[in-house]
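Okay, structure first, notes after.
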Amino acid sequence: MNLFHFTTRRLVSQVYCGLKPASSKKQRTCFEMARPSSSMADFREVFAKAKHIAIITGAGVSAESGVPTFRGAGGYWRKWQAQELATPEAFARNPSRVWEFYHYRRELMMSKHPNPAHTAIAECEARLSKQGRSVVVITQNIDELHRKAGTRHLLEIHGSLFKTRCTSCGTVTANHKSPICPALDGKGAPDPDAEDSQIPVEDLPRCEECNGLLRPHVVWFGETLDSDILTEVEKELEICDLCLVVGTSSIVYPAAMFAPQVSARGVAVAEFNMQSTPATDRFRFHFSGPCGTTLPPALARHETEIIS
Ligand SMILES: [Zn+2]
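In structure tokens:
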């Protein structure tokens, strides 16, 4: 099953009380019943009682730190978007070009910092762990900003820009070298007329174990998610008693893959996202706005928490 391309799109909006304005009383009632709550006081009550909190984060959290996605309007590296370079076929065809793209992204990330959303999550985890409560972050982001902010229990479902995997022996290694290899030094210019550096494959990053060609340890388009990580995600979602969806919508991938099973158990799901999405009443809370603004007060110390 190709989970990477899983998406529910915006199916929910199509069935959501029709798309007409709520003109009749009946439609209005339906709208009110289906609408998730945006009451912070109610959320805080659920938060105060939660023992195992799962936080699913998406591109929106990284965007607030100025991390480009190379997707959508204006999202180009040279003349390509991520979906053209982040594929096994592109790497097989031109490993030098794909490595230039990832080298550029790695170097760029070294100048980016966690924003208040990352920090609020990391501080919450540290504080709650002293109370015997747990926080796990399940992220599609590959930029390691959660790690930089101090998050310890982290499941990176799409891998990391700062990990490599050997295409011969499969060894996965953390790698924060800058540049990752001498041949890439000063390469990776993003402007549309920059030429391919055409680095010989033997000069690209190589495995220290077997000298095989390394690739970024990220999930590319057309590839499936790592089954060990998925098993861990399932385990966490089975025990969580509160689920936050941050910087993405609970009705689009990746949260759409996970959040419905959580709310099917009757567990509260709270969405923190820029757009107000027409989530169904399966999702209990929605808070609109930049998550760097909405999340810190949501995860701050609750008055019932005992300070140790
Ligand atoms: Zn190897």
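When the letters of the sequence shown are read in order and numbered with UniProt numbering, they come out as residues 1 to 308. Where is the CB? At the ideal position from N, CA and C, for every residue including glycine. Fair warning: this is a prediction, and the values are worked out from it, not measured in the lab.
R105: buried (16+ other C-beta within 10 angstroms of its C-beta) or exposed?
By 1-based counting over the sequence shown, the position of residue 105 is 105. With 16 or more Cβ atoms within 10 Å of its Cβ, R105 is classed as buried.
Report the three-state DSSP secondary structure of T293 (helix, strand or coil).
On the sequence shown, position 293 is the one that residue 293 refers to. In this structure, DSSP gives T293 a helical state, which the three-state scheme calls helix.
Ends of the beta strand (DSSP E) at S160?
If you number the sequence shown from 1, residue 160 lands on position 160. Segment 159-166, the beta strand (DSSP E) holding S160.
Compute the distance between the beta-carbons of P88 and G212, then report whether it is under 8 Å.
In the sequence shown, residue 88 corresponds to position 88, counting from 1. In the sequence shown, residue 212 corresponds to position 212, counting from 1. Using a Cβ distance threshold of 8 Å, P88 and G212 do not count as a contacting pair.
Is the beta carbon of D203 less than 8 Å from the beta carbon of A183?
Along the sequence shown, one-based indexing puts residue 203 at 203. Along the sequence shown, one-based indexing puts residue 183 at 183. In this structure, A183 lies closer than 8 Å to D203 by Cβ.
Distance check for V246 and M274, CA to CA, integer angstroms please.
The count along the sequence shown starts at 1 and reaches residue 274 at position 274. The count along the sequence shown starts at 1 and reaches residue 246 at position 246. Rounded to whole angstroms, M274 to V246 spans 9 Å at the Cα level.
Taking a cut-off of 6 Å, which residues have a beta-carbon closer than that to any heavy atom of ligand 1, in chain order?
Taken from the N-terminal end onward, the list reads C166, S168, C169, T171, C207, E209, C210, G212.
Start and end residues, alpha helix (DSSP H) containing V136
Stepping through the sequence shown from its first residue, residue 136 is reached at position 136. Premise fails: V136 lies in the beta strand (DSSP E), 134-139, not in any alpha helix (DSSP H).
What is the rounded straight-line gap between the Cα of F31 and the Cα of P192?
Translated into positions along the sequence shown, residue 31 becomes position 31. Translated into positions along the sequence shown, residue 192 becomes position 192. Legend: pLDDT at F31 = 42, less than 50; position of this residue unreliable, no value from coordinates given.
For the stretch 84-108, list the alpha helix (DSSP H) runs that are entirely contained and at least 4 residues long, ordered along the chain.
As far as the stretch 84-108 is concerned, its whole alpha helix (DSSP H) runs of at least 4 residues are 88-93.
Going by other Cβ atoms of all chains shown within 10 Å of its Cβ, with 16 needed for buried, is D143 buried or exposed?
Walking along the sequence shown from the start, residue 143 turns up at place 143. With 16 or more Cβ atoms within 10 Å of its Cβ, D143 is classed as buried.
Can you pull the DSSP bridge partners for V245?
Along the sequence shown, one-based indexing puts residue 245 at 245. The partner list for V245 (beta bridge, DSSP) reads I56, E271.
According to DSSP, what are the bridge partners of T173?
In the sequence shown, the residue the question calls residue 173 occupies position 173. In DSSP, T173 forms a bridge with T164.
From what residue to what residue does the alpha helix (DSSP H) around H118 run?
Here residue 118 is taken as the residue at index 118 of the sequence shown, counted from 1. Run containing H118: 116-129, per the alpha helix (DSSP H) assignment.
Using the beta-carbon count (16 or more within 10 Å), is I239 buried or exposed?
Along the sequence shown, read from residue 1 onward, the residue named residue 239 stands at position 239. Looking at its Cβ environment, which holds fewer than 16 other Cβ atoms inside 10 Å, I239 is exposed.
Would the beta-carbon of R97 fall within 8 Å of that of A82?
What you label residue 97 is simply residue 97 of the sequence shown in a count that begins at 1. What you label residue 82 is simply residue 82 of the sequence shown in a count that begins at 1. For R97 and A82, no; Cβs fall outside 8 Å.
Exposed or buried, V219, counting other C-beta atoms within 10 Å across all chains shown (16 or more means buried)?
In the sequence shown, residue 219 corresponds to position 219, counting from 1. When all chains shown are included, V219 counts as buried.
Taking Cβ to Cβ, would you say V67 is nearer than 8 Å to M109?
The sequence position of residue 67 within the sequence shown is 67, counting from 1. The sequence position of residue 109 within the sequence shown is 109, counting from 1. Taking C-beta atoms as the reference points, V67 and M109 count as a pair closer than 8 Å.
Whether T139 touches L161 by CB criterion (8 Å)
Counted from its first residue, the sequence shown places residue 139 at position 139. Counted from its first residue, the sequence shown places residue 161 at position 161. No; because the gap between Cβ atoms is not below 8 Å, this pair is not in contact.
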